[in-house]
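The structure appears below as structure tokens.
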Amino acid sequence: MASVAKEWREIPGRYNLQGTKCENCGKIYFPSRSFCPKCRRDSIGKMTPVKLDRKGFVYTFSVVHEAPDCNNRQKPYAVVMVKTSDDILLSGQLVDVEPENIEIGMPVRAVLRKLDADGPAGIIHYGFKFVPDY
Amino acid sequence: MRDVAIIGIGATKFGELWNKSFRSLGIEAGMKAIEDANLSGDEIDGLFIGNMSAGRFINQQHVDALIADYSGMVTNHIPATRVEAGGASGGVAFREAVMAVASGIHNTVMVGGAEKMTDLDDASINSVMDATADAEWEAGMGITLASNYAMIARRMIHDHIATREEIAAVSVNSHFHGALNPGAQFRKAVPIETVLKSGAVATPLGMFDCAPISDGAAAVILCPLEEAKKHTDSYVKVSAVAQASDTLALFQRDCITEFKATQVAAARAYEMAGITARDINVAEIHDDYTVAGIMAMQDLGIYKTGEAGKAFLNEETHFDAGNVAVNTSGGLKARGYPIGAAGLAQIVELTEQLRNSAEARQVKDAKYGLAQSAGGNGSAVTVSILEAI
Numbered sequence: 165m166a167s168v169a170k171e172w173r174e175i176p177g178r179y180n181l182q183g184t185k186c187e188n189c190g191k192i193y194f195p196s197r198s199f200c201p202k203c204r205r206d207s208i209g210k211m212t213p214v215k216l217d218r219k220g221f222v223y224t225f226s227v228v229h230e231a232p233d234c235n236n237r238q239k240p241y242a243v244v245m246v247k248t249s250d251d252i253l254l255s256g257q258l259v260d261v262e263p264e265n266i267e268i269g270m271p272v273r274a275v276l277r278k279l280d281a282d283g284p285a286g287i288i289h290y291g292f293k294f295v296p297d298y
Numbered sequence: 011m012r013d014v015a016i017i018g019i020g021a022t023k024f025g026e027l028w029n030k031s032f033r034s035l036g037i038e039a040g041m042k043a044i045e046d047a048n049l050s051g052d053e054i055d056g057l058f059i060g061n062m063s064a065g066r067f068i069n070q071q072h073v074d075a076l077i078a079d080y081s082g083m084v085t086n087h088i089p090a091t092r093v094e095a096g097g098a099s100g101g102v103a104f105r106e107a108v109m110a111v112a113s114g115i116h117n118t119v120m121v122g123g124a125e126k127m128t129d130l131d132d133a134s135i136n137s138v139m140d141a142t143a144d145a146e147w148e149a150g151m152g153i154t155l156a157s158n159y160a161m162i163a164r165r166m167i168h169d170h171i172a173t174r175e176e177i178a179a180v181s182v183n184s185h186f187h188g189a190l191n192p193g194a195q196f197r198k199a200v201p202i203e204t205v206l207k208s209g210a211v212a213t214p215l216g217m218f219d220c221a222p223i224s225d226g227a228a229a230v231i232l233c234p235l236e237e238a239k240k241h242t243d244s245y246v247k248v249s250a251v252a253q254a255s256d257t258l259a260l261f262q263r264d265c266i267t268e269f270k271a272t273q274v275a276a277a278r279a280y281e282m283a284g285i286t287a288r289d290i291n292v293a294e295i296h297d298d299y300t301v302a303g304i305m306a307m308q309d310l311g312i313y314k315t316g317e318a319g320k321a322f323l324n325e326e327t328h329f330d331a332g333n334v335a336v337n338t339s340g341g342l343k344a345r346g347y348p349i350g351a352a353g354l355a356q357i358v359e360l361t362e363q364l365r366n367s368a369e370a371r372q373v374k375d376a377k378y379g380l381a382q383s384a385g386g387n388g389s390a391v392t393v394s395i396l397e398a399i
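Encoded structure:
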């Protein structure tokens, strides 16, 4: 069973979509990086936390029918890659919509939801999922 | 650096091999390769093992020591090294072994790949596969490896790079060849309808778009090219071993319908071999998901973007079509996909083709063979080129 520390140290990213921005070139990274792969040495000390825009649109999607048991979600479930308004690609689940109504280009926003749980007595994992943004 | 030759090959049948353990599979492939190379085994001074996850599949780490022990090579105390790079474990192990001989540090090396998957239940196996993507930011968010490839496929169809039928045709091609390979897990050709109507795994991909769960092992013996004749008349030259990397998570890329790692590794490999994509006669590509086959043929520069799918659908990829023959072994889809063994099984198949011993699926006058092995969502890719002597 995973430790609690494994959970809470990722809270800024998972709950708040906090990534990092390279103040040298302006590029935003999610999840956070300690330096900018493009600017390297020039970015050291210049990576600042930044919250991503929670709104975006569906870039691509899939409905998952086969998944591991430890991936304790209600099958089938939809996953998406979302392009946020900051032009960042994110992956996650899309909920509160019937799979047949999902299409590329549809507007969505990130909300905080329960992701998964380590069995009936284990840690409950929370994080972002996407919902339609009509 | 000196030129390197493949002087022996061996592989087990791939499939659900209930009566065979990890160690028995590894030894069977290795023994066949030693016999094929006309060696006693004493000549071998280095051992490399491609293996993705014996730790999770059979709860055994340190499989380098295990194979060195049960192959008898431990009596000479030769170094044994296990290599892991997700689905590219076999391809990377092959490259490490070739470099070891090319550098002069080793002289005669065995490189094997093995995976024993069926001792674990299907759901747990999926969990191991998903861990080759980003465990924290993909698998932890509900993304499966299959769904990442499915999202690539969806976008590819949206961008008119390939149709659903063209993507499905990759599986049809692999099954067509698998029927001709006695070592293949699935020896049955399938019509495209079977692929299109197969149960959904991650839409739009179904069961027949995905490589199976398999047990198996494959091995090859390497030595300096100038010494190859001492051992055998049927050897092939290793003309290039190239490797490239990319982000672990698919969503971190600027473009998801191509694998930059394949493009970069291919460019390096063609340069090393002194050839271009046009010179390739037979290619073994990493079709763990059908859509990956389309990407591979385009990223290798063998087909332009938007053309690979048509080639599969029009059966231009068959062994006897006179073009680049693709996955004559049956590929990962029909030959089987014991993960760490896959990259070596590709090398075994190309060697068979280049020494003209591929029987019912023999490509006529094959001079250059190319193998592409990929890990995760193209986060590690090797491209190797073999040449007939």
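As they're listed, the protein sequences go chains A and B. In this text, residue positions in the first sequence follow this note's numbering: the first is 165, and each later residue adds one. In this text, residue positions in the second sequence follow this note's numbering: the first is 11, and each later residue adds one. Just so you know, even glycine gets a beta-carbon here, dropped at the ideal spot from N, CA and C.
> Does DSSP put PRO176 of chain A in a helix, in a strand, or in coil?
Replying inline: helix
> Short check: CB of VAL243 of chain A to CB of PHE225 of chain A, under 8 Å?
Replying inline: yes
> How big is the Cα-Cα spacing for ALA335 of chain B and VAL373 of chain B?
Replying inline: 7 Å
>> Need the endpoints of the beta strand (DSSP E) that GLU237 of chain B sits in, please.
In response: Counting along the chain, GLU237 of chain B falls outside any beta strand (DSSP E), though it belongs to the alpha helix (DSSP H) covering 235–241.
> Could you give the C-beta distance for ALA275 of chain B and VAL393 of chain B, rounded to a whole number, given that I count them as a contact under 8 Å?
Replying inline: With a Cβ gap of about 4 Å, ALA275 of chain B and VAL393 of chain B count as contacting.
> What's the call for LYS207 of chain B, buried or exposed, on a 16-neighbour Cβ count within 10 Å?
Replying inline: exposed
>> Just to confirm, is the Cβ distance from ASP256 of chain B to SER113 of chain B under 8 Å?
In response: no
> Cβ of SER63 of chain B within 8 Å of Cβ of VAL138 of chain B?
Replying inline: yes
> How long is the line joining the alpha carbons of THR173 of chain B and ASN337 of chain B, rounded to whole angstroms?
Replying inline: 20 Å
>> Could you give the first and the last residue of the continuous alpha helix (DSSP H) run that contains THR300 of chain B?
In response: 300–309
> Is the shortest distance between the beta-carbon of ILE153 of chain B and the beta-carbons of chain A less than 8 Å?
Replying inline: So, interface residue.
> Is there a Cβ from chain A that is less than 8 Å from the Cβ of MET161 of chain B?
Replying inline: yes
>> Tell me which residue opens and which closes the alpha helix (DSSP H) that SER113 of chain B is part of.
In response: 99–113
>> I want to see whether chain A comes within less than 8 Å of THR213 of chain B, judged by CB atoms only; does it?
In response: yes
>> Against chain B, does SER255 of chain A count as a neighbour if the rule is that its beta carbon must be under 8 Å from one of theirs?
In response: yes
>> Residues of chain B with CB closer than 7 Å to the CB of SER226 of chain A, please, in chain order.
In response: SER157, ALA160, MET161, ARG164, ALA212 and THR213
> What is the C-beta distance between PRO222 of chain B and GLN262 of chain B, in whole angstroms, given that I count them as a contact (C-beta under 8 Å)?
Replying inline: GLN262 of chain B and PRO222 of chain B do not touch by the CB rule: their CB atoms are close to 29 Å apart, not below 8 Å.
>> Can you confirm whether TYR105 of chain A, when its beta carbon is compared against all beta carbons of chain B, has any partner nearer than 8 Å?
In response: The question about residue 105 of chain A has no answer, for chain A in this structure spans 165 to 298.
> How far does the beta strand (DSSP E) with TYR378 of chain B in it reach, from first residue to last?
Replying inline: TYR378 of chain B -> beta strand (DSSP E) spans 378–385.
> What does LEU253 of chain A pair with, by DSSP beta-bridge criteria?
Replying inline: A:LYS247
> What did DSSP end up calling TYR313 of chain B once you bin it into helix, strand or coil?
Replying inline: Coil at TYR313 of chain B, not helix or strand.
> What are the boundary residues of the alpha helix (DSSP H) that includes ARG164 of chain B?
Replying inline: 155–168
> Hey, would you say SER184 of chain B sits closer than 8 Å to ASP297 of chain B, going by beta carbons?
Replying inline: yes
> Expressed to the nearest angstrom, what Euclidean distance is found between the alpha-carbon atoms of ARG92 of chain B and LEU57 of chain B?
Replying inline: Each residue's alpha carbon lies about 9 Å from the other.
>> Restricting to Cα atoms, I'd like to know which of B:HIS116, B:ALA107, B:GLU94 and B:GLU53 is closest to ASN86 of chain B.
In response: B:GLU53
>> Can you pull the chain B neighbours of ASP233 of chain A, defined as C-beta to C-beta under 9 Å?
In response: ASP131, ALA133, SER134, ASN136 and SER137
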